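One structure is given here, and the rest of the page talks about it.
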Amino acid sequence: MMEVKAVIRPNKLPALRTALMETPGLPGLAVAKVEGCSAPSKTNKANIKDELTEYSAKVRIEIIGNNDIAEVLMDRIVMVCQTGQVGDGVVWCTEVPKAYFIAKSST
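Offset between the sequence shown (1-based) and the numbering used here: plus 275.
What follows is the structure, encoded as structure tokens:
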């Protein structure tokens, strides 16, 4: 199993949710509000205090699913969320050795 995580601009969430819900095999997703900043070398701030204290609102998406869907999800996230500007976000994938979906058994 794989875990796909992304930190994106909040205004991109509705379009991303629509695109992900249209993805066959999507197991579901978790969404959380987070704050973040770009690397100091990517922005032109007046001083180090501005670089370290200027955070912007972001949204973090987490999805745990089969290995075969991870690449598709990552591609969709980039396609929907990319504007070409600094601060678009980041998407990454990590291996999950074991995961259980918590639900009442039908037996």
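C-beta atoms are modelled at their ideal positions from N, C-alpha and C, and glycine is treated no differently.
These numbers were taken from a predicted model, which means no experiment stands behind them.
CA-CA distance, residue i and residue j?
i      : j      : result
Leu288 : Gly311 : 16 Å
Gly340 : Glu329 : 34 Å
Lys373 : Gly359 : 36 Å
Ala307 : Val371 : 20 Å
Asn286 : Ser331 : 12 Å
Gly300 : Gln357 : 23 Å
Does the CB of residue i have a neighbour CB from chain D at under 8 Å?
i      : result
Glu278 : Among the protein chains of the structure shown there is no chain D, as only one such chain exists.
Taking 8 Å as the cut-off, decide whether the C-beta atoms of residue i and residue j are in contact.
i      : j      : result
Ala231 : Val365 : No answer is possible for residue 231: the residues shown for the chain start at 276 and end at 382.
Val279 : Cys368 : yes
Arg292 : Asp363 : no
Report all residues from its chain with a CB closer than 6 Å to the CB of residue i; omit the five preceding and five following residues, and keep chain order.
i      : result
Ile352 : Ala281 and Val366
Pro302 : Gly340
Lys333 : Val282, Val309 and Gly311
Please list, in chain order, all residues of the same chain as residue i whose beta carbon is under 7 Å from its beta carbon, the five residues on each side excluded.
i      : result
Leu304 : Leu295, Ile336, Glu337 and Ile338
Once you ignore the five residues that flank residue i on each side, which residues in its own chain have a CB closer than 8 Å to its CB?
i      : result
Asn234 : Outside the displayed span of the chain (276 to 382) sits residue 234, for which this structure offers no information.
Thr298 : Ile344, Val347, Leu348 and Arg351
Phe376 : Pro302
Pop quiz: residue i and residue j are said to be a contact at Cβ under 8 Å. What is the actual Cβ separation, rounded to whole angstroms?
i      : j      : result
Ser313 : Val361 : 5 Å
Between residue i and the ligand MG, is the CB less than 7 Å from at least one heavy atom?
i      : result
Arg335 : Among the components modelled here there is no ligand, and therefore nothing to report on the ligand MG.
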